[in-house]
Each structure stands twice: as structure tokens, then as C-alpha cells.
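Below is one structure; the comments refer to it alone.
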Ligand code: ADP
Ligand code: MG
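Residue numbers (the numbering used here): 992 to 1241.
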């Protein structure tokens, strides 16, 4: 089930502002004059061919890539600041024989104690709370290497939501996830954006999910070609040209 259009406590008025952002790597201009507003509670899908600059754009927002222009987060009545960002990277590979459990992973990421000493009671309670946000309480003692694609995404998502960010960024979260897992993950992201009133910016090649879940789709190829409602972008000439499609949408 998709949640109805959001209208969080901020009245939809806080926003990530990307203004005239360009990225140059060496002599190559990777991104040119990107302009985009992402409001809280909004789900925005970034699409584009391979090499279009999607991951580079996410890295610029994360502060991992130098850029020209402005990337700022504004809340009503407050000065612009750097947004608190939760990041779910493209699925890292874990070895199935690796003894690292989900709780070990949380201990490494969130606790100063060495992971082999265990979590401690208060940290274990926090990890349970984090996993509950993604309906993954039962995963706490599983080995990370044995998780399915969808389960691993949920664990990475739980890590990205502590502390609760203003904006959640996911790079191709649906790759390596089966069709049922995709719907489950998208339903969960939809619930999270609604419950916590945060914005979600994700890259994807799974266009079939966009009509149902995205508020805004942004098609890029070294700059923004078109942005708007899913049906507008997916039916556009720019979309057909970018993906070398003849006739109708994908
Ligand atoms: P996408 O995620 O859309 O597939 P990327 O953002 O990964 O595209 O890459 C966009 C372009 O930038 C590609 O041509 C890639 O080769 C180039 N690029 C990305 N990172 C670097 C880098 N660190 N050094 C040189 N070129 C890079
Ligand atoms: Mg990429």
C-alpha cells in the first residue's frame, strides 16, 4: 500500500536545495548546472544511463565529491545548514563464511567498544529499535554474509536511519533484489519517508517502480534533461533519447 501524499509537521516547507551545481573531475565536466529542490517527505528518483553522473551527484551531496554551486538544507524559520544525511551504499558484498553478525556490524558502526566484547545492554536495545524501524528485529543475530539482497538492504537502511537524517540517500538499492523484495523495500521506504518526514533521494534502473512510489523523477545525463512527475518524465522524448528507445516508454 502506498501512503497518501505527505504533509508533515513542517508543512512540506523544509527542503534540500541544489543550485547551479557542477562537478569537474580532472579535465572532464561530469555534471553541469544541476538545479533541484527536494522537499521533506518526498521520494525523488534519479535516473539516467550508465556513466550519466548519478553516483557522482550523490557523492557531491554527501560531501565526498568537490563541486561548484550550492547544496544546502533549509527549514522554515531557520538558517540554511548542511543536512544530516543517511546513506545506503550500493550493496557491498559479504562473504557467506564471514562470522560477522548483524549485531557485530552495528557494534562496529555505532559503538566505541570493540565488537568482540558484544553490544552491551543499552546498545543492544538501540540496535533492536533500529531494526524495528525496518521490521528486521529477527535479523539481529544472523550472519551478514547469509542475508538475502532484500534483508541486507534493510540492515543497511537501519544503520542509515540512526541518527535520523534529514535526507536519506540510496544508490541503486533495488539492484540484486528480487521482484518481491523490491516491492517490500519500496513499501518500507514509503512508510519511512511518511513516518519520519524525511526526503529520500535514490538512483534506480527499475522504472516499473517509479509510477507507484516516486513523487519526482529526475533524468540526468551529465546535467538534468527533464524532471517532474513519473508519467511526465517516462513519456518524454528526452527519456526515449537517453535510453535509445523507439516508440513508447520502457
Ligand atoms: P553513474 O552512477 O550515472 O553510472 P558515475 O557518477 O559513476 O555515473 O560516473 C559518471 C562519469 O564520471 C563516468 O564517466 C565516470 O567514468 C566518471 N567518474 C566518476 N568518478 C570518477 C573519478 N573519480 N575519476 C574520474 N572519472 C570519474
Ligand atoms: Mg552509479
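Where a beta carbon is used, it is the ideal one built from N, C-alpha and C, also for glycine.
N-terminal and C-terminal residue of the beta strand (DSSP E) that residue i is part of
i	result
residue 1093	From DSSP, residue 1093 is part of no beta strand (DSSP E) but of the alpha helix (DSSP H) over 1093–1101.
residue 1035	1034–1038
residue 1019	1019–1030
residue 1215	1215–1219
residue 1005	Looking at the DSSP string, residue 1005 is not in any beta strand (DSSP E), and its letter there is neither H nor E.
residue 1193	1190–1194
residue 1059	1059–1065
CA nearest to the CA of residue i, picked from the options
i	options	result
residue 1030	1041, 1137 and 1064	1064
residue 1032	1202, 1148 and 1180	1180
residue 1027	1007, 1082 and 1058	1007
residue 1231	1079, 1099, 1015 and 1198	1198
residue 1204	1023, 1010, 1152 and 1035	1035
residue 1091	1111, 1132 and 1127	1132
residue 1047	1117, 1162, 1070 and 1075	1162
residue 1217	1025, 1009 and 1111	1025
residue 1083	1214, 1141, 1159 and 1174	1141
Where residue i falls, given that 16 or more other Cβ within 10 Å makes a residue buried
i	result
residue 1254	This structure cannot settle anything about residue 1254, because the visible part of the chain is limited to 992 through 1241.
residue 1143	buried
residue 1113	exposed
residue 1157	buried
residue 1236	exposed
residue 1081	exposed
residue 1139	exposed
residue 1188	buried
residue 1191	buried
residue 1018	exposed
residue 1145	buried
residue 1016	exposed
residue 1045	buried
residue 1219	exposed
residue 1154	exposed
Endpoints, alpha helix (DSSP H) assigned at residue i
i	result
residue 1175	1170–1187
residue 1073	Counting along the chain, residue 1073 falls outside any alpha helix (DSSP H), and DSSP gives it neither H nor E.
residue 1140	1140–1151
residue 1115	1112–1124
residue 1162	Element bounds for residue 1162: not the alpha helix (DSSP H) but the beta strand (DSSP E), 1158–1162.
residue 1211	Residue 1211 -> not in any alpha helix (DSSP H); beta strand (DSSP E) instead, spanning 1207–1211.
residue 1046	1045–1053
residue 1231	1228–1233
residue 1201	1201–1204
Whole-Å CB distance - residue i paired with residue j, under 8 angstroms assumed
i	j	result
residue 1149	residue 1122	5 angstroms
residue 1170	residue 1039	That belief does not hold up - the Cβ atoms of residue 1170 and residue 1039 are roughly 23 angstroms apart, past 8 angstroms.
residue 1093	residue 1130	5 angstroms
residue 1136	residue 1206	Not quite, the Cβ-Cβ distance comes to about 35 angstroms (not below 8 angstroms), so this is no contact.
residue 1012	residue 1021	Between residue 1021 and residue 1012 the Cβ distance is about 11 angstroms, and since that is not below 8 angstroms, they are no contact.
residue 1152	residue 1124	6 angstroms
residue 1062	residue 1009	5 angstroms
residue 1221	residue 1208	5 angstroms
Next on the checklist: If contact is defined by three or more beta carbon pairs under 8 angstroms, each pair taking one atom from either stretch, is the region 1050–1063 in contact with the region 1216–1232?
Outcome noted: At 8 angstroms Cβ cutoff, the stretches do not touch.
Checklist entry - Does the region 1187–1203 come close enough to the region 1157–1166 that 3 or more CB-CB pairs lie under 8 angstroms? => result With three or more CB-CB distances shorter than 8 angstroms, the region 1157–1166 counts as touching the region 1187–1203.
Checklist entry - Between the region 1181–1189 and the region 1086–1105, do at least 3 Cβ pairs fall closer than 8 angstroms? => result The region 1181–1189, when compared against the region 1086–1105, does not touch it at the 8 angstroms Cβ threshold.
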